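Working notes, structure below.
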Amino acid sequence: MRAPSNVPAEDSGATRIHVLSDSLINRIAAGEVIERPASVVKELVENAVDAGASRVEVEVEGGGRALLRISDDGCGMGRDDALLALERHATSKIRTDDDLDAIETLGFRGEALSSIAEISRLELLTGVGSDEVGTRVVLDGGVLKDVADAPNPGGTEVRVRRLFFNTPVRLKFLRSTRTEMAHVVDVVHRIAMAHPHVSFRLDAEGRTLVDVAPAESLRRRAEGIVGRSTAAKLRDMAVEDGSLRAEGLVSEPSLHRSNNSGLYLYVNGRHVKDRTFVGAVLAAYRGVVPRGRYPVVVFFLDLPPDEVDVNVHPTKSEVRFRNGRSIWRFVSDALQSSLRGVDGATWTTPHAKALGHESEPGQSRGSDVRPFQEGVLPLASRAMDRAVPPAGSLSGWPGPGGPDPAGSPSGREVEDPLHVPARGCSGATRLTDELRERFERRTQQSGPLPSFESLSVLGQYDRTFLLCESGDELVVIDQHAAHERVLFERFRSSTLPSDAPIQRLLVPELLEIGRPRALALCDQQDLLADLGTEVALFGEDTVALHAVPAGIAASRIRGAVLDLADELVAGSVPATPERLRYDLAALLACHSAVRAHDPLSVEEIRVLLRQLDTTDFAYACPHGRPVLVRFPRSEVARWFVRD
Ligand SMILES: Nc1ncnc2c1ncn2[C@@H]1O[C@H](COP(=O)(O)OP(=O)(O)OP(=O)(O)O)[C@@H](O)[C@H]1O
Ligand SMILES: [Mg+2]
Numbered sequence: 003m004r005a006p007s008n009v010p011a012e013d014s015g016a017t018r019i020h021v022l023s024d025s026l027i028n029r030i031a032a033g034e035v036i037e038r039p040a041s042v043v044k045e046l047v048e049n050a051v052d053a054g055a056s057r058v059e060v061e062v063e064g065g066g067r068a069l070l071r072i073s074d075d076g077c078g079m080g081r082d083d084a085l086l087a088l089e090r091h092a093t094s095k096i097r098t099d100d101d102l103d104a105i106e107t108l109g110f111r112g113e114a115l116s117s118i119a120e121i122s123r124l125e126l127l128t129g130v131g132s133d134e135v136g137t138r139v140v141l142d143g144g145v146l147k148d149v150a151d152a153p154n155p156g157g158t159e160v161r162v163r164r165l166f167f168n169t170p171v172r173l174k175f176l177r178s179t180r181t182e183m184a185h186v187v188d189v190v191h192r193i194a195m196a197h198p199h200v201s202f203r204l205d206a207e208g209r210t211l212v213d214v215a216p217a218e219s220l221r222r223r224a225e226g227i228v229g230r231s232t233a234a235k236l237r238d239m240a241v242e243d244g245s246l247r248a249e250g251l252v253s254e255p256s257l258h259r260s261n262n263s264g265l266y267l268y269v270n271g272r273h274v275k276d277r278t279f280v281g282a283v284l285a286a287y288r289g290v291v292p293r294g295r296y297p298v299v300v301f302f303l304d305l306p307p308d309e310v311d312v313n314v315h316p317t318k319s320e321v322r323f324r325n326g327r328s329i330w331r332f333v334s335d336a337l338q339s340s341l342r343g344v345d346g347a348t349w350t351t352p353h354a355k356a357l358g359h360e361s362e363p364g365q366s367r368g369s370d371v372r373p374f375q376e377g378v379l380p381l382a383s384r385a386m387d388r389a390v391p392p393a394g395s396l397s398g399w400p401g402p403g404g405p406d407p408a409g410s411p412s413g414r415e416v417e418d419p420l421h422v423p424a425r426g427c428s429g430a431t432r433l434t435d436e437l438r439e440r441f442e443r444r445t446q447q448s449g450p451l452p453s454f455e456s457l458s459v460l461g462q463y464d465r466t467f468l469l470c471e472s473g474d475e476l477v478v479i480d481q482h483a484a485h486e487r488v489l490f491e492r493f494r495s496s497t498l499p500s501d502a503p504i505q506r507l508l509v510p511e512l513l514e515i516g517r518p519r520a521l522a523l524c525d526q527q528d529l530l531a532d533l534g535t536e537v538a539l540f541g542e543d544t545v546a547l548h549a550v551p552a553g554i555a556a557s558r559i560r561g562a563v564l565d566l567a568d569e570l571v572a573g574s575v576p577a578t579p580e581r582l583r584y585d586l587a588a589l590l591a592c593h594s595a596v597r598a599h600d601p602l603s604v605e606e607i608r609v610l611l612r613q614l615d616t617t618d619f620a621y622a623c624p625h626g627r628p629v630l631v632r633f634p635r636s637e638v639a640r641w642f643v644r645d
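This is the structure:
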């Protein structure tokens, strides 16, 4: 904080080097701590927690550009402290060198409030205990504008307006309101997870995005954050080894997400983004969750403060372990032993269970196969179409393939144990014009296929590739990529809800996914409806799936919808409606398509080939992977050194 008359020292002109003005120093420092509105929320909510608050409220307008208001019922400050708090390097949390090695609070650098004040208009209202009179301090761009008595708010309230008004570059780098809000929600969730006894509420543009009451346990708090159904699939973890302690909740192998937003990792109560920690967690789940998927893990790692340096980065989200290797081993072992305890399961059995939808070698899925008619996407509908149960049983209908895979008679289930994404899709790139051209060039070289229908089917290799013959060519087709392309075209071509043939679910599927994910999904209601998928908010933190595209199993659509929710909340979805539509169509297609290792009858293969003929561009899946590869006889002959 600077006095209103603060003027930088004059440059004498005699030297090239000069000491920067306070204002510039402060602004540079602020840039390190405050990257975006969520950083302000993080710092101020952490201050509230450090002040012993039992209630923290956050209000956001305009994605944080217009207003950020954080209030608490913590210890508050008297006038002198309130003014000191706004100075750089002023803190009540450490005093001596030794204190730095034994930090027990979230803050300790004494720079958050001054940094925020430097790049915004900040109003601080605060008061101590039952005093009637509190203090109001106003700063604009770090310059003190007003100090006055004010009613005691019974704690502290900070209002931040015009964030980044004097750092235009930072302002320009801000993303959409939706993305910035996603970050704010994430920050509040991560602090709330570590403080179950504190209530947190976040309101934005008239909507409540987070509302968690004081909870008696971590599990109850986790329910409020990740949703009850997800929390039901989290196992308790408590492991101790010498001075290292691990406590938390860890996902069963059947629970996994499309991104790492489900990793809640803490060191001595502080949320961190540490490579060693993340690496150890993911290593423990390798081979347990499918490739490209991430577990949900709430992990509190406690270790002696002198074993970890938290003063590595201004945002304090990075730490340095004295002995990273032993931490890595401890984290990984703690997770493995917690999961091994589940029903005596070993590392291999949960995996096998997670992949349980796949037939065991030699096991026929013949009973799944129902006669199918063309035009209703038989490949997707068979074995999974549980949308309309047979007469006499409304819910919990064991589908043709056996009992309801979700094992949930009411259909209230979030993470589908059988939901394993089609492998090979994650990480693939979008089908760009360049890729399309490349495929087309290759096709031109060998001439177009007469038609897919004209191929003679030789069989299925590794239950993944279709071997076909066309003239003197061997044509190998990736069954998942092919079906994905077919479904993608179908989803993409429906632009109105009325275009998409849908099946209404007699018993809507309820996805209890937590408020932010539920709201984010419902924001895309219209787009989803265009693609044949009807969702509606149901209660506080649940989405009801009312209709799915005709011929596609609700369980498959549920998987796609859950992934979409994760991506929307993580802010990793494209901003424009066209890109979002493309990605959503690709996501639905990927989840709904027949998978690698699904056995297909010759008849089913033929239907798929006929569908490929009606597809606009049948040579690559929407992610840009090839659908087919052609080998002329001459090439096959060369393999065997024949003419
Ligand atoms: N909500 C609050 N309630 C009570 N006191 C507060 C509150 N917010 C800040 N303070 C006081 O103001 C001081 C300065 O806060 P500031 O966030 O700038 O620094 P810090 O929390 O000490 O360290 P850091 O920069 O690492 O966050 C704190 O040490 C604390 O004493
Ligand atoms: Mg602080």
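Whatever position you read off the sequence shown (first residue = 1), add 2 for our numbering. For glycine and all other residues, C-beta sits at the position ideal for the given N, C-alpha and C. All values reported here derive from a predicted model rather than from experimental measurement.
Less than 8 Å between the C-beta atoms of residue i and residue j, yes or no?
i    : j    : result
G573 : T181 : yes
H185 : R38  : yes
V187 : L173 : no
V509 : T535 : no
D565 : S256 : no
A50  : V43  : no
A40  : V139 : no
A598 : F490 : no
I227 : V241 : no
A549 : R581 : no
L614 : V488 : yes
V648 : A53  : Because the chain is modelled from 3 through 645, residue 648 falls outside the range shown and cannot be assessed.
A622 : V631 : no
L547 : F493 : no
S94  : E159 : no
G229 : E542 : no
Cβ-heavy atom distance between residue i and ligand 1 below 7 Å?
i    : result
D205 : no
R111 : yes
D600 : no
K235 : no
G78  : yes
K147 : no
T181 : no
Does residue i come out as helix, strand or coil in the three-state DSSP assignment?
i    : result
P1   : Residue 1 lies beyond the stretch modelled for the chain, which goes from 3 to 645, so this question has no answer here.
P380 : Summary for P380: the model assigns pLDDT 35, below 50, so the residue's position carries little reliability, and this model does not support an answer.
C592 : helix
T232 : helix
D474 : coil
E242 : strand
H273 : strand
V42  : helix
D600 : coil
E672 : Residue 672 lies beyond the residue range present for the chain, which begins at 3 and ends at 645; the question has no answer from this structure.
P634 : strand
A484 : helix
D370 : Residue confidence is low: D370 scores 27 on pLDDT, short of 50, so the model does not pin down where it sits. Its coordinate-derived value is still stated next. D370: helix per DSSP, three-state reduction.
M3   : coil
S319 : coil
F669 : Summary: the structure shown does not reach residue 669, with the chain confined to residues 3 through 645, and so no result is reported for it.
H212 : The displayed chain sequence assigns Val, not His, to residue 212. DSSP places V212 in strand when its eight states are reduced to three.
R465 : coil
F490 : helix
G404 : Note that G404 scores a pLDDT of 27, beneath 50, so its modelled location is shaky; the value from the coordinates is reported in the next line. If DSSP states are grouped into helix, strand and coil, G404 belongs with coil.
Compute the minimum distance between the beta carbon of residue i and the heavy atoms of ligand 2, and state whether it is under 7 Å.
i    : result
A114 : yes
N28  : no
N325 : no
N313 : no
E34  : no
N49  : yes
E511 : no
E45  : yes
* To do: Would you mind listing the beta strand (DSSP E) stretches within the segment 122–201 that are 3+ residues and don't spill past its ends, in chain order?
  => 123–128, 135–142, 145–153 and 158–163
* Asked: In chain order, which alpha helix (DSSP H) runs of at least 4 residues are fully inside the segment 492–566?
  -> 517–525 and 527–532
* Write down every uninterrupted run of the alpha helix (DSSP H) in the segment 46–112 whose length is 4 residues or greater and which is fully enclosed by it, in chain order. => 81–87 and 99–102
* Asked: Which runs of the alpha helix (DSSP H) fall wholly inside the segment 603–628 and span at least 4 residues, in chain order?
  -> 604–615
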